[in-house]
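Heads up: the sequence shown is residues 1 to 997, going by UniProt numbering.
Positions of the beta carbon are idealized from the N, C-alpha and C atoms, including for glycine.
Because the structure is a prediction, the values reported are computed rather than measured.
Here is the structure we will look at, set down as structure tokens.
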Amino acid sequence: MAGAIAAINLATSIVKFVDISAKALARLREFHSTAQETPRVFQDITTQLPLIIDIMTRIEKCREGGSLTTDAQHALSNVVEGCLRQVIMLDRLIDKMLPTSTDSPLRRARKAIASVLKEKDIAVIQRTLETYKSTLTLHFSQRSGASITNAAGESTYYEIPSLQVSQFIERVGLLGEIEASFANTAENSSGPKVVVLLGMGGQGKTQLALKYCRVAKMSGRFQAIFWIDASSTNTVSSGFDTIAAKISSTERVFDDIESKITFVKETLERWRNPWLIVFDNYDKPSDFRNIMTYLPQTETGAILFTSRHADSERLGVTIRVTRMTEHEGLELLLRQSKLEISDDNTMEGRKVIQKLGYLPLAIDQAGAYINARKLPLRLFAEHYDQRKDVVLRHTPSLWEYRRRLGEDKDETLLSVFTTWELSFQQIGKNEDEKAMIGHFLTLSAFLDSTNVGEDLFKSHFTWTGKPPQWVEHFLSRGMWDKYKYQDTIVDLLSLSLLQTVDIGSAESHFSLHPLITDWLKLRTDQKGRQEYTIEATMVLTNYIDALDQDTLPLQIKLDALSHVDVCLQNDREYLQELDESDIASLWGPESTFALLYQNYCRYQEAEELYQRTLRGKEKALGTDHTSTLNTVNGLGILYREQGRLTESEAMYERALAGREKMLGPDHTSTLNTVNSLGLLYYHQDRPVEAEAMYERALTGYEKALGPDHMSTLDTVNNLGILYSDRDRLAEAEAMCDRALAGCEKALGPDHTSTLDTVHNLGTLYRKQDRLTEAMAMYQRALAGCEKVLGPDHASTLLTVHSLGNLYSDQGMLAEAEAMYQRALVGCGKALGPNHTLTLSTAHNLGLLYYNQGRLAEAEAMYERALAGYKKALGPDHASTLSTVNNLGVLYSDQGRLAEAEAMYERALAGREKALGPDHTSTLDTVNNLGVLYSDQGRLAEAEAMYERALAGKEKALGPDHMSTLDTVNNLGNLYSKQGRLAEAEAMYERALAGKEK
1 MAGAIAAINL ATSIVKFVDI SAKALARLRE FHSTAQETPR VFQDITTQLP
51 LIIDIMTRIE KCREGGSLTT DAQHALSNVV EGCLRQVIML DRLIDKMLPT
101 STDSPLRRAR KAIASVLKEK DIAVIQRTLE TYKSTLTLHF SQRSGASITN
151 AAGESTYYEI PSLQVSQFIE RVGLLGEIEA SFANTAENSS GPKVVVLLGM
201 GGQGKTQLAL KYCRVAKMSG RFQAIFWIDA SSTNTVSSGF DTIAAKISST
251 ERVFDDIESK ITFVKETLER WRNPWLIVFD NYDKPSDFRN IMTYLPQTET
301 GAILFTSRHA DSERLGVTIR VTRMTEHEGL ELLLRQSKLE ISDDNTMEGR
351 KVIQKLGYLP LAIDQAGAYI NARKLPLRLF AEHYDQRKDV VLRHTPSLWE
401 YRRRLGEDKD ETLLSVFTTW ELSFQQIGKN EDEKAMIGHF LTLSAFLDST
451 NVGEDLFKSH FTWTGKPPQW VEHFLSRGMW DKYKYQDTIV DLLSLSLLQT
501 VDIGSAESHF SLHPLITDWL KLRTDQKGRQ EYTIEATMVL TNYIDALDQD
551 TLPLQIKLDA LSHVDVCLQN DREYLQELDE SDIASLWGPE STFALLYQNY
601 CRYQEAEELY QRTLRGKEKA LGTDHTSTLN TVNGLGILYR EQGRLTESEA
651 MYERALAGRE KMLGPDHTST LNTVNSLGLL YYHQDRPVEA EAMYERALTG
701 YEKALGPDHM STLDTVNNLG ILYSDRDRLA EAEAMCDRAL AGCEKALGPD
751 HTSTLDTVHN LGTLYRKQDR LTEAMAMYQR ALAGCEKVLG PDHASTLLTV
801 HSLGNLYSDQ GMLAEAEAMY QRALVGCGKA LGPNHTLTLS TAHNLGLLYY
851 NQGRLAEAEA MYERALAGYK KALGPDHAST LSTVNNLGVL YSDQGRLAEA
901 EAMYERALAG REKALGPDHT STLDTVNNLG VLYSDQGRLA EAEAMYERAL
951 AGKEKALGPD HMSTLDTVNN LGNLYSKQGR LAEAEAMYER ALAGKEK
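Structure (structure tokens):
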């Protein structure tokens with residue numbers, strides 16, 4: 001149906017165009033035959049219309065012959081309708097301008113005057129029709145140049161960015177040259193046709209490529225068109241990631257980016273129909289070992305590069321994109337500035353575009369500036385002349401951007417920089433705003449400016465103790481205001497200082513044009529560039545430190561890596577002349593960057609950073625300084641992950657010897673290296689030495705940190721793995737053997753009731769802090785349930801959920817999250833999102849996130865569980881109140897003390913009513929209120945809460961239970977705050993003795 005409608009619309013528009021054009025041509029030819037002198041524009045349009053009529057006739061023949069796809073008909077309809085609108089206006093103007101044989105002398109005189117006044121309108125119509133004619137001509141040249149047309153029903157893929165400027169000026173010669181180069185079958189017949197658009201930044205290469213892609217899509221020239229940002233190896237990898245996802249018939253998982261690139265190449269090489277890949281902004285060939293390895297090798301393919309680098313010429317047929325013609329530049333300027341065509345504007349416009357070097361981006365920028373200020377063209381030239389010396393004096397290195405355009409003998413100044421400086425002066429409502437926004441914009445240029453995310457700056461604000469002054473522009477009442485941020489980048493976009501802006505619900509992004517990035521760097525002096533490099537590095541470090549590496553999405557990690565690459569490139573360009581002492585502040589960021597590289601398996605870059613940091617620290621601090629030893633230990637971890645175990649051992653032993661000397665054998669940093677050595681020995685299959693290291697670390701951690709500290713539990717986990725490998729499993733609880741033995745005897749070991757008992761026994765062991773036995777029980781229960789009931793049964797998922805609880809208790813947080821996620825997905829499918837087991841899993845996943853410091857995700861899980869519990873169980877159910885209590889803990893950690901107190905009081909009232917005043921859950925909330933009161937300085941109330949909690953727990957759990965000892969420790973903290981040191985010491989000693997026991 002849609003195809004029939006498109007065909008009717010296209011045919012109708014063509015008929016109307018031909019009829020009206022024929023009428024207009026008849027009038028024009030009649031005028032030519034009688035007039036003594038015919039205006040040039042009338043001559044041009046008289047020549048032009050027959051050519052367009054011929055093209056329209058050919059289109060109609062193709063439509064009647066069925067060779068036009070529905071998509072092509074839709075696209076062509078837009079062009080034909082545009083032609084029709086222009087020829088209708090032309091016909092009306094002709095009626096007003098050209099005399100007829102029946103006109104009176106007075107009417108003839110009026111038309112003669114009108115013909116002079118309206119001649120410029122005819123010129124606009126003629127230029128517009130020429131643009132449409134070029135599009136239609138290119139369409140047919142592509143149809144004839146394509147050797148294979150898509151078979152009916154063949155899938156098409158068009159990934160073309162929506163980045164084309166609204167005032168694009170057709171550069172017909174260049175578009176035709178691109179197509180002619182691709183259509184030349186004599187060139188490189190064994191591989192893809194490669195065309196390179198070569199020219200300096202700002203010449204419109206990307207816009208030309210976009211226009212070609214859109215015309216090619218409309219004509220059906222290619223089965224697929226893909227667009228890749230080639231500004232770095234990372235962005236190329238991301239581009240292939242997108243292509244692989246599009247052309248894969250199933251959801252595939254690739255081992256690495258190389259396998260993904262291979263998949264794309266091999267798939268395209270099998271295609272019979274033509275395809276096109278655009279590599280945009282291939283400006284740094286040296287960053288790529290061999291760009292040709294990315295190209296599928298098949299003669300049906302076409303590759304289009306846009307590049308500023310002369311080395312790109314070797315890739316294929318090179319088309320030099322130089323400055324605009326005077327006619328093109330003037331048309332662009334007047335369109336963008338929204339100024340009418342007049343003799344004065346034409347004369348002044350010529351001066352403007354000449355001063356701007358006929359560069360498309362510069363002219364576009366100037367038009368935006370003029371339009372924003374409603375500035376007469378004659379004043380723009382004056383502004384330029386007056387500000388030129390100021391700009392050049394402020395940025396003397398601007399002279400580095402002298403370039404020869406085409407075959408010109410003399411170099412031409414890239415005066416686009418001056419135009420951007422004029423736009424820069426419009427930033428902000430006052431000088432303070434201008435300074436803050438200007439600093440923010442310049443700082444962005446020292447990051448990967450192709451994709452600058454809001455969270456970079458938000459994290460910097462959050463993690464910096466005293467945020468820099470420019471951050472204040474994005475704050476409201478001392479908090480980050482995303483809407484102020486959005487307003488700022490939208491304003492910068494309107495000034496053409498940003499290339500793209502993407503406003504998102506969670507985070508907004510923007511990009512800078514590469515030339516603007518360069519200009520922003522160059523408009524400050526060398527000292528300023530050094531300061532911005534260091535600041536950008538600190539911004540990125542705070543951003544990375546705020547991320548959770550365990551659950552970080554791949555794309556965010558790739559974006560962070562691109563920023564790291566840029567920061568380190570800036571470091572190489574601007575900081576190499578500085579002394580080590582001048583960049584000591586970068587040792588921390590370098591370690592952060594090294595760890596990110598390490599996590600993404602970019603080991604060489606990670607090692608270079610570690611080694612550079614190590615050299616600096618050894619020189620400035622000495623070989624045995626604790627900071628130096630931290631880097632040595634980091635190198636040991638890196639080498640172990642690479643399998644370089646001998647080198648890893650050398651680093652660990654050096655770190656251990658140094659830390660024992662400087663910090664002592666029982667310092668936690670020393671113990672960290674001891675634990676790492678144990679892990680190394682384990683990987684070296686040296687179990688006896690590994691166990692000795694683990695036991696030493698465990699003893700030290702328990703003494704220094706307590707038995708429940710994360711470091712302690714990490715070593716416990718390592719020992720558990722080691723014991724498991726050596727078949728040293730814990731025994732079952734004697735008091736539960738009878739129940740279990742009875743079930744096994746009556747029902748068999750794999751009966752579901754037996755397995756329920758096994759699961760419950762595991763839960764009992766877990767409550768008793770006997771985690772090894774609990775693990776054995778849970779694993780037995782899980783294996784049996786999966787065998788008997790299947791992996792997605794509710795009983796199986798209950799055991800999975802309980803295993804998650806156990807892993808969390810042991811500090812095995814990755815394993816815990818995997819179990820919780822499996823249970824959450826499975827319960828959601830099997831039981832529904834509001835089933836109590838689903839909600840319990842969501843609650844405990846929130847608790848895990850809380851323990852990891854992922855507070856936003858924790859809050860989301862808690863709120864999901866709370867909403868479900870209230871609906872399913874009511875507001876006073878124990879599960880509901882448990883979630884309320886944990887939300888209070890979360891709010892307390894976030895400093896939201898009033899909200900925390902409200903949660904605790906609600907939980908306490910509900911638990912006292914539902915469970916009684918002496919229930920352990922009630923006492924947990926009492927203890928939490930004590931912590932809150934202590935944090936608020938309400939020490940007397942805190943003491944009352946702690947004493948109530950302690951008395952209740954001693955009675956319910958015993959004096960040596962971990963929960964009891966936690967309250968004892970809290971009382972010690974309180975007494976210490978009150979200056980009651982003897983009582984505090986007694987509490988601490990009791991807590992320590994109990995936990996060690």
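| Item | Value |
| --- | --- |
| So what does DSSP say about Met479, is it helix, strand or coil? | strand |
| Would residue 1007 and Leu797 qualify as a contact pair, given that the criterion is a beta-carbon distance under 7 Å? | Residue 1007 is absent from the model: the chain starts at 1 and stops at 997. |
| Is it buried or exposed for His327, if we count other Cβ within 10 angstroms and need 16 for buried? | exposed |
| Which same chain residues, not among the five before or five after Arg378, have their C-beta less than 7 Å away from its C-beta? | Glu348 |
| Compare the Cα-Cα distances from Lys482 to each of Gln576, Ser840, Ser505, Gln499 and report the closest residue. | Ser505 |
| Per DSSP, what kind of secondary structure is Trp519 in: helix, strand or coil? | helix |
| What residue from Asp229, Glu689, Tyr358 has the CA that sits closest to Thr325's CA? | Tyr358 |
| Considering Tyr603, what are the terminal residues of the alpha helix (DSSP H) in which it resides? | 603-620 |
| Smallest Cα separation from Asp91: which of Arg27, Arg659, Leu332, Asn834? | Arg27 |
| Does the separation of the CB atoms of Phe31 and Leu98 fall below 7 Å? | yes |
| Looking only at C-alpha atoms, which of Leu295, Ala435, Thr318 sits nearest to Glu472? | Ala435 |
| To the nearest angstrom, report how far apart Gln540 and Phe440 are at their CA atoms. | The question names Gln, yet the displayed sequence has Leu at residue 540. Distance between the alpha carbons of Leu540 and Phe440: 14 Å. |
| Work out the CA separation of His460 and Leu621 for me, nearest whole Å. | 28 Å |
| Please state whether DSSP places Ala986 in a helix, a strand or coil. | helix |
| If I follow the unbroken alpha helix (DSSP H) through Thr623, where does it start and stop? | Per DSSP, Thr623 belongs to no alpha helix (DSSP H) and is neither H nor E. |
| Restricting to Cα atoms, I'd like to know which of Glu431, Gln526, Ser511 is closest to Glu454. | Ser511 |
| Pairing CB atoms from the segment 246-255 with CB atoms from the segment 282-289, are three or more of them under 8 Å? | no |
| Need the endpoints of the alpha helix (DSSP H) that Tyr862 sits in, please. | 855-872 |
| Alpha carbon to alpha carbon, how far is Asp448 from Ser562? Give it in angstroms, no decimals. | 6 Å |
| Could you give the DSSP three-state label for Val196: helix, strand or coil? | strand |
| Spatial neighbours of Pro784 within its chain, please: CB distance less than 6 Å, with the 5 preceding and 5 following residues excluded, ordered by chain position. | Residue identity check: residue 784 is Gly in the sequence provided, not Pro. Answer for Gly784: Asp750, Leu755, listed in chain order. |
| What is the DSSP secondary structure of Val249, counted as helix, strand or coil? | One point to set straight first is that residue 249 is Ser, not Val, in the sequence displayed. If DSSP states are grouped into helix, strand and coil, Ser249 belongs with coil. |
| Pull the bridge partners of Ala302 from the DSSP assignment, please. | Lys193, Leu276 |
| Tell me where the beta strand (DSSP E) around Asp502 begins and ends. | 500-502 |
| Are Asn633 and Thr670 closer than 7 Å when you measure CB to CB? | no |
| Cβ of Val264 within 7 Å of Cβ of Phe240? | yes |
| Should the segment 928-941 be regarded as contacting the segment 970-987, the criterion being three or more beta carbon pairs within less than 8 Å? | yes |
| Considering only the alpha carbon of each residue, which of Thr880, Thr488, Ala900 lies closest to His509? | Thr488 |
| Rounded to the nearest angstrom, what separates Gly65 and Ile59 at their Cα positions? | 10 Å |
| Which first and last residues belong to the alpha helix (DSSP H) in which Ser921 is found? | 920-935 |
| Quick one: give me the first and last residue of the alpha helix (DSSP H) that Arg308 is part of. | Element bounds for Arg308: n/a, residue is neither H nor E. |
| With a Cβ-Cβ cutoff of 7 Å, do Ile178 and Tyr212 count as a contact? | yes |
| For Pro959, I'd like the list of residues in its chain whose CB is within less than 8 Å of its CB, leaving aside the five on either flank, ordered along the chain. | Gly994 |
| Could you compute how far the alpha carbon of Arg314 sits from the alpha carbon of Leu596? | 35 Å |
| Does the pairing of the segment 922-932 with the segment 940-952 give three or more beta-carbon distances under 8 Å? | yes |
| Following the continuous beta strand (DSSP E) through Glu229, name the residue where it begins and the one where it ends. | The question names Glu, yet the displayed sequence has Asp at residue 229. From DSSP, the beta strand (DSSP E) with Asp229 extends over 224-229. |
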